[in-house]
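> In my numbering, the protein residues as written are 1 to 82. Please find one structure pasted underneath; my questions will follow.
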């Protein structure tokens with residue numbers, strides 16, 4: 001039974017990793033930290049169009065393509081299909 005469950009788990013994990021959703025949910029210690037991170041990544045509005053300022057970068061920014069990220073508050077957990 002244990003071997004079968006481990007095999008099912010491995011197969012499910014492979015399936016999940018082959019179909020990324022392109023999103024993540026991140027939690028922070030407090031609302032202030034959340035606001036700082038959101039501000040760092042937010043797009044600004046310029047006369048109806050969106051322009052991006054570059055968020056603070058790290059040694060991993062280019063590898064994980066942070067320039068393509070859109071960061072926003074998550075919906076209420078009751079409105080997420082888990």
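Yeah, the Cβ is synthetic: ideal placement off N, Cα and C, and Gly gets one too.
What are the boundary residues of the alpha helix (DSSP H) that residue 32 is part of?
Start and end: 31 to 41.
> Is residue 23 near the ligand COA, in the sense that its beta carbon is under 6 Å from a heavy atom of that ligand?
Among the components of this structure there are no ligands whatsoever, and the ligand COA is therefore not found.
> Could you tell me the alpha carbon to alpha carbon distance between residue 68 and residue 39, rounded to whole angstroms?
Cα-Cα distance, rounded: 15 Å.
> Would you kindly work out how many angstroms separate the C-alpha atoms of residue 66 and residue 1, rounded to a whole number?
Near 42 Å, if we compare the C-alpha coordinates of residue 1 and residue 66.
> Helix, strand or coil: how does DSSP classify residue 63 here?
It is coil, neither helix nor strand.
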